[in-house]
Structure formats: C-alpha cells, structure tokens
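Let me begin by presenting the structure, written as structure tokens, before commenting on it.
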Amino acid sequence: MSAGRRRWLWLIALAIAVAAFPPHWYPLPVRLMFTAWFGAADYRALPSSVDPRTLDPETFCPADPSGWRAPRTIEGVAIAESAACVADNPFAVAAFVKGTNNVTQQTLLASELTADAVVKGRDLDGDGDPDEIHIRLEVAELNGGSPVSSLPVTQYDIAPGIQPGLWVFAPKLVGMAVENFESQRARSALRLPSPVIRIEQGDRVRITLENTHYMPHTLHLHGADHGFVDVDGQGNDGVPITSEVPVMPGFSRTYELTPRHAGSMYYHCHVQPHVHVMMGLQGMFIVEENRPDNWLQTLNVGAGLVRASSRAVSAEFAREYDLHYQDFDKELGERIRRYNDPRLITQSMHRDYDITDATPDYFTLNGRSFPYTFRESLLVGQEDDLIKLRVVNGGMKGIALHTHGHKFSVTHRDGVALPEATVVPQDVVWIATSQRVDLALSLRNDGLHAYGPGIWPFHDHQPQGITNDGIGPGGNLSAIVYAQYLDENGWPRTRGVAWDNYFTAEYYRKEVPVWEAYAPGLFSEAGTDWWLLARLVGLALAIGAMVGLALTGLWTRAVGGKSP
Amino acid sequence: MRWRGLIAFAAMLAGTSFAQNHSDHDMAVDRAGVVMNENLSALPRGCDEISRDYQLTIRAGRAYARGVPGMTFAMSEHDVRVEPCSRIEVTFVNEDDVRHQWMVHGLPKYLYPAGMFHLEASGGQRVTGTFIVPGEDRSYLVHCDIAQHMEKGMRGQLVVGSGSGDLWGVTGVSDQFYRSSYWPRDTYLWVAVALLVGFLASVRLARG
Chain A
-3 MSAGRRRWLW
7 LIALAIAVAA
17 FPPHWYPLPV
27 RLMFTAWFGA
37 ADYRALPSSV
47 DPRTLDPETF
57 CPADPSGWRA
67 PRTIEGVAIA
77 ESAACVADNP
87 FAVAAFVKGT
97 NNVTQQTLLA
107 SELTADAVVK
117 GRDLDGDGDP
127 DEIHIRLEVA
137 ELNGGSPVSS
147 LPVTQYDIAP
157 GIQPGLWVFA
167 PKLVGMAVEN
177 FESQRARSAL
187 RLPSPVIRIE
197 QGDRVRITLE
207 NTHYMPHTLH
217 LHGADHGFVD
227 VDGQGNDGVP
237 ITSEVPVMPG
247 FSRTYELTPR
257 HAGSMYYHCH
267 VQPHVHVMMG
277 LQGMFIVEEN
287 RPDNWLQTLN
297 VGAGLVRASS
307 RAVSAEFARE
317 YDLHYQDFDK
327 ELGERIRRYN
337 DPRLITQSMH
347 RDYDITDATP
357 DYFTLNGRSF
367 PYTFRESLLV
377 GQEDDLIKLR
387 VVNGGMKGIA
397 LHTHGHKFSV
407 THRDGVALPE
417 ATVVPQDVVW
427 IATSQRVDLA
437 LSLRNDGLHA
447 YGPGIWPFHD
457 HQPQGITNDG
467 IGPGGNLSAI
477 VYAQYLDENG
487 WPRTRGVAWD
497 NYFTAEYYRK
507 EVPVWEAYAP
517 GLFSEAGTDW
527 WLLARLVGLA
537 LAIGAMVGLA
547 LTGLWTRAVG
557 GKSP
Chain B
539 MRWRGLIAFA
549 AMLAGTSFAQ
559 NHSDHDMAVD
569 RAGVVMNENL
579 SALPRGCDEI
589 SRDYQLTIRA
599 GRAYARGVPG
609 MTFAMSEHDV
619 RVEPCSRIEV
629 TFVNEDDVRH
639 QWMVHGLPKY
649 LYPAGMFHLE
659 ASGGQRVTGT
669 FIVPGEDRSY
679 LVHCDIAQHM
689 EKGMRGQLVV
699 GSGSGDLWGV
709 TGVSDQFYRS
719 SYWPRDTYLW
729 VAVALLVGFL
739 ASVRLARG
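Each protein sequence line maps, in turn, to chains A and B. The first sequence begins at -3 in my numbering and counts up by one. The second sequence begins at 539 in my numbering and counts up by one.
Spelled out as structure tokens, the structure:
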C-alpha cells in the first residue's frame, strides 16, 4: 500500500471516529458553544424498563410433617412449644435433658444421637439432678470441597443460595453427614452455629473433643471457670502455645471443668484462632445457677429457643433464647473449596489469607441470615411476658444490637450480674467481639419497655450487619413477634412488601432490582442504549484502524526497501 | 458428584421416594456402632444361590493415610473385589478415636432400604455385618460419610465381578476428577520465557 493511500485511509478513519464520538461526551466548552449556536438536541426517549424476570421463590416456611414445633412430653421431659416455623428435634432435646445414656432406644434413634453423645452420671449433691456430665463434640465441615465434585459437599445455606465454607463443633450423631445418599444437604443437626453448651454451676463436666476434621483443633472455655491443667496435670486451656498440643485429626481429648460461677460464657477452638474461630468453631457456653431438680438441656442445636429451661430461668422468665451473632469473610470460607489437599488448604488459610485485610460479608444470627432468620430465630411472646436473651457476638466486628418497639435491660455482662442501679431500659447495646450480654426483654405495654403487639424487628444497627454481602434486607435481621401476628405455621403475618424476591438466590446475587416487586416500571431494571453501543463500536473500529495504519507506516519506513 | 448424580437421576426416573431419615432402615445400634440393613440370606433377583462366602476385615483410620500424600483418613483396602451373588461378612475395625463408617450405596432397594449397607464403628471399636451382592457386574461406591472423610481419603469401591469401570477418586486406585494444581511457584516465569523463546524462534525462522 502506498504511503499516500494509507494517509487517505487514516483521514477517513479519523472522520468516522469524530462522527461516532458521542456528543454527550464532548468537552463542556464545546457543548456550550454548540448550544449557543444550535440550542438543545432533539428529544430522544430514555430506554424503557426491562420486563421483570420470572423468579421461582423458595417456600417461605417449610412444612413441619414430624410435628417438631408442638409442645410435648418425651421421657418425662416437658418440651415447650417452638412457635417459629422451623423447630429443633424434640427427641434430641429430651435426650440432651435426660442424657443419651438414660433414654429408651426408641428416643435415642429418633434423636439421631450416639449413646455417648451426652452422658449424665451421678447426682453428687443429692438435689435431684445429675452432676456428672460428659459431652462429646465432633468437628464438621460444611460447604466443603471435593476431588470429584465442583459443587460444595455437606451443603448448608445461611440464606438463599449463600453457602460459605464453614467449620462447626457438632453433637455426636449416628450416620451420614447428609440428609440421605441422594442429597448433598447437611442433615438438620449439622449446622451453624456450634451447639450451645448448658451446664449447672458445680457440675463435674467433661467435654471430649473427637476431632473428625482434617485439621488440628482444641477447645478453649472462654470465661468459664476451668483449671489450667486437669486432674492428670494435662493442659486444659486449649491454647497450643501455652497449654497443650492440639487434637490432631482422628484423635480425641477430654477437657474438664467444675465451674464455681454461673453466667453466659463462650467456647471456641484456639488453634490459629484468627482463622478457626472465624470459620465457625465457636459456641455459647452457659453455666446455670445450681438449683434442686435442675435438669438442663445440655446442648441447644442451632441456638435459639431453649425448649427445656433451667429452674432459675423459668422461675423468672416466660422464655429463654440463646442468640449467637457471627460474621464471615467469604474470601476465607471459599478456600476450603478451592483445594482438597489439606496441605494446600492450610497454606491458603494460614499463610496466603491475611485477616488484617479482611472485611466480613455475611452476618448471621443463630447460623442464618435474613430471610432464613425469620424461619427459626423469631422471639415470640405475648403481652406482659418477660423474656431472657443470652447474646454473644462471635464476629470480628462489634454489633450495635437494637430492638424496635422495646427497650430491654442489660442484666449481665460477660456472665457477671450488673449492679441494680445500672440496669436501665435501653434500645441499643454495643457488644464487642466475644462479649456476652444477658438481656431482660419485657413485653409490658407501658410505652417504655414495649409499645404493644406487633412484628418488631431487632438487628445489628451497624449498617453492614443487615446485608448479605452488601444486599439488603439481609444479615442478622430478625423480629420480636407477638403470638397474634404469627400464623398457624409459625410464619409472621407481615403487612409490608412481598418477600418473594428475598427467597431467591438471584436477589442476593445482585441480579434483581430491589424495589421491582412493588414498584414495577418506576424502579425496574433500566433498558440499554444500543445506539450508544453502536457508536462506541464504530469509534473503537476507527481508532483501531488509525493505530494500525500508523504502525504499518512506521514499520515500512524503518525496514525501508528490504521487504519484498 | 458424578456417581451420586447418576443415582439420583435414575431414582428420579423410577419415581421412587428417598428415605428421609434412618427410621426406614433395619438398624442395629450398640456402643460399638451401627449395622444397618444387614442381609444374611435374602438373595438378589437373578441369583439362584450364594456363589461364595467372603470374610473381610477392613481397618480404618489416620494410620492408613500415612504415606498417602494429601490424605488424612484412609482404609486398609479401597478396592474390594468379589464374585457376583456372593455373601460378604465385613468386620470394620476403627483404629482412630473418632467415628468412621464403611458404607456401600446403590444396592437393590427391594433388599436394602435406600440401597444402602452401612457399618459405623465408634472410636476404637469394631463392628461386623453381612450382606449379599447382586449378580451383575458393577462397581459400587464404598465410603465414610462423616463430613470430609470421603474427600480426604476414605473413598473406595466394591467391584462385583468385572465391575463397571473404576470410580473416580478412589484412594490408590484412580485419579481425582478435580485435581489441584501443584505447580511450582515460578511456573508463570517458565511459561512466559517459553512463550518468548517460541515467538523469537519463529520470527527468526520466518525471516531466514
């Protein structure tokens, strides 16, 4: 091609580029000049709204065919109604109260627990309840990796379509980790959070950690009265750098304590805790006051309502709930899925991952984020009820717990009763990482403690806490619901917007306009400007041609007459 | 999961409902563990008699993963081969302090609820159970279904007759379907240098 022809082509490309350049992007002085000469450009309608997608929402409230919600008596244990939609297995509750060694084979089978999951022994102080308690915990991985599947295995959804990689302490269950062979879903008792452990002041407690996981772990009893060493002189604090070598995969270790002080405490793994605690290896540890005939629900799977309350709590309160708040960085959890080899996982989690650069993405209350919190974490009551809430913040960020329609009182902090004079109604309490508060929530409609029946949200008032990876509503949002606002299945009779979109994975994948369901058109997905795209493609073609022509010109000049 | 998916699909076609819990199974539980769906005498369709009796001892635990890179738990035998229509008495010995399982899946559902034969041994315990395999050549998945135990080594196969091809990811038998990349840290540099060398060499050749 001759140099002259190349020059002409270059000029044509330049002309196309100038013509294709969107006028809205001209420099401001140019636009003002054109406006002075010609006035405004002609009207062009803005792109119309995209039709809403047809989504397939999940059932808000799954059926309860086994009747787990209803109040019942099993093996002489009175198990309170669990009014919310999804309830714990009452046979497991009975087995936790009586001890898995003290129930019939039938109850044990229905509980799905092993015979040694919670063993209750002698009544040492003769007050009518067992004081020798032996708990066995395993470690389970949820939403983990596999060498033969690209999907997560032992799946657990914290919210629609959200499956962060998790590690939990788990009660000792018989059988498979999944619901059945055809399913990849974790069975109901294998879940976040790790179970609440509930023992009595003065009990001789042994907790055996059976490490079923592929990494080393320990048990550290945060805030609970325990010796640095056990009776045999072995380390008992769970801290690898000061107390004992961690429990390796396939091994077990027994921790001992006889707590002298009652209160809401905490337990967690202390191996590389900046990672292991944040993966979910943490639970509430409640020491109840010693009372006669005080049969405790030793484990509370998934936290929430305590269906068989202690003597001390039931004497004062209508109901007791364990509320375990957590947050998760998705960039940590995904690492157990990226690799299968424990050496690679260890490198990725303990060397490549940097917690100092971390931000939490998911915020759970009792192992679920909104909207699933409304299935199982509602606080249900009636006017004049007094409800006890035990709260722990296991997340990396603090939480500002706020109740709508109510002012609660903080009665205990870190398991220690506060002086009477400081116990005042408030509607926000700051809970630092690993801190516990006990709250008295009064449903007395006096304009101070409560404003009357309704569906009153309670949530972390820090803004990120009420989102799922930045999409609201989400996070640890749940509600105080008065019984008359609950339907027969335990689902709240809400009066606001439709929730269908919240029960889809697409919504939390950020694919659905947030207000589309109730403001179609006004807030739908805006259409696209194909004319703008055509101009930009033309511009890019012209610029590409100009660069190509210029380069060939330079090449020809440099090589000179050498090319044929 | 390829194999599980196939089973689920086949069951869906057949319109069968899945067992939702353990109450549908014939289950014997004691301190040592669980034997589920034992079958001492019922013959599968197409079998006229027990062709042969096997007595196997399968051991399990972290010790069997020693020397298997990247695995945490394993069994003494991951490739069990038996004759069609044979009766197998398995003694499952758990050498760890934690639970382990030896589960066979995909057996005929008219004999084994949910198609399962399942042994579970508590830490340090042994359990024994017997089952009878069908007459056709087929490879069955054998695994421990405690979370991550199959993924971290306890994945085996029961090959009846000549089997139906090896399953993926069986420890010591077949490769992993999704294999991590164990490339060295400088791999990107090596690839970049190779690209450059290839480019320069071809330019040189084209001009020469």
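Note that beta-carbon positions come from the ideal geometry of N, C-alpha and C, so glycine has one too.
query: What residues in its chain sit with their C-beta under 6 Å from that of B/HIS560, if we drop five residues either side in the sequence?; result: At B/HIS560, the pLDDT of 47 sits below 50, so the modelled position is not reliable and the matter cannot be decided from this model.
query: Beta carbon of A/ILE476, beta carbon of A/LYS506: below 7 Å?; result: no
query: Determine, using beta carbons only, whether A/PHE324 comes closer than 7 Å to chain B.; result: no
query: My output table needs one value for B/GLU674: the three-state DSSP class, helix, strand or coil.; result: coil
query: Can you give me the Cβ contacts of A/LEU120 inside the same chain, cut-off strictly under 6 Å, excluding the 5 residues immediately before and after it?; result: ASP127
query: B/LYS647 CB to nearest chain A CB: under 7 Å?; result: no
query: From this set, A/ALA13, A/GLU108, A/PRO288, which residue's C-alpha is nearest A/ALA173's C-alpha?; result: A/GLU108
query: Counting only beta-carbon atoms, is B/HIS560 nearer than 7 Å to chain A?; result: In this predicted model, B/HIS560 has a pLDDT of only 47, less than 50, meaning its place in the structure is not dependable enough to derive any value.
query: Going by the beta-carbon positions, is the gap between A/PHE92 and A/ALA106 smaller than 7 Å?; result: no
query: Three-state secondary structure (DSSP) at A/MET(-3)?; result: coil
query: Mind checking which residues open and close the beta strand (DSSP E) that includes B/MET527?; result: In the structure as shown, chain B begins at 539 and stops at 746. Residue 527 of chain B is therefore absent and cannot be evaluated.
query: What is the rounded straight-line gap between the Cα of B/LEU733 and the Cα of A/VAL46?; result: 46 Å
query: Any beta-carbon of chain B closer than 7 Å to the one on A/ALA136?; result: yes
query: Kindly list, in the order they appear in chain B, the residues whose Cβ is closer than 7 Å to that of A/TYR210.; result: THR610, GLN686, LYS690
query: How about B/GLY599: is its C-beta nearer than 7 Å to some C-beta of chain A?; result: yes
query: Go through its chain and collect everything with a Cβ distance to B/CYS585's Cβ below 6 Å, but skip five positions before and after it.; result: CYS623, GLY673
query: Can you find a C-beta in chain B that's less than 7 Å from the C-beta of A/ALA91?; result: no
query: My output table needs one value for A/ASP381: the three-state DSSP class, helix, strand or coil.; result: coil
query: Could you please give me the residues that DSSP links to A/ASN296 through a beta bridge?; result: A/VAL192
query: Determine, using beta carbons only, whether B/TRP706 comes closer than 7 Å to chain A.; result: yes
query: Taking only runs that begin and end inside the stretch 168 to 232 of chain A, name each unbroken beta strand (DSSP E) of 3 or more residues, in chain order.; result: 192 to 196, 200 to 206, 216 to 218
query: Mark B/SER523 as exposed unless 16 or more other C-beta atoms lie within 10 angstroms of its C-beta, in which case mark it buried.; result: Chain B is shown only over 539 to 746; residue 523 of chain B falls outside these bounds and no answer can be derived.
query: What residue range does the alpha helix (DSSP H) around A/HIS270 cover?; result: 269 to 272
query: If contact means a Cβ-Cβ distance below 8 Å, which residues of the stretch 57 to 68 of chain A contact chain B?; result: none
query: Quick check on the burial criterion: 16 or more other C-beta atoms within 10 angstroms. Buried or exposed for A/VAL508?; result: buried
query: Applying the criterion that 16 or more other CB atoms from any shown protein chain within 10 Å of the CB defines a buried residue, is A/HIS266 buried or exposed?; result: buried
query: Between the stretch 341 to 357 of chain A and the stretch 175 to 186 of chain A, can you find at least three pairs of beta-carbon atoms closer than 8 Å?; result: no
query: By the DSSP assignment, the beta strand (DSSP E) with B/VAL628 in it spans what residues?; result: 625 to 632
query: Between the stretch 383 to 400 of chain A and the stretch 491 to 498 of chain A, can you find at least three pairs of beta-carbon atoms closer than 8 Å?; result: no
query: Mind checking if B/PHE669 is an interface residue toward chain A, Cβ cutoff 7 Å exclusive?; result: no
query: Determine the direct distance from the alpha carbon of A/LEU10 to that of A/ILE539, and round the result to whole angstroms.; result: 7 Å
query: If the criterion is Cβ atoms closer than 7 Å, does the pair A/GLN322 and A/GLY391 meet it?; result: yes
query: Kindly list, in the order they appear in chain A, the residues whose Cβ is closer than 7 Å to that of B/GLY736.; result: Near B/GLY736 there are no residues of chain A at all, since even the closest Cβ is about 22 Å away, more than 7 Å.
query: Ends of the alpha helix (DSSP H) at B/LEU733?; result: 725 to 745
query: How about A/HIS222 and A/ASN207: are their beta carbons less than 7 Å apart?; result: no
query: Check whether the Cβ atoms of A/MET280 and A/VAL192 sit closer than 7 Å, and answer yes or no.; result: yes
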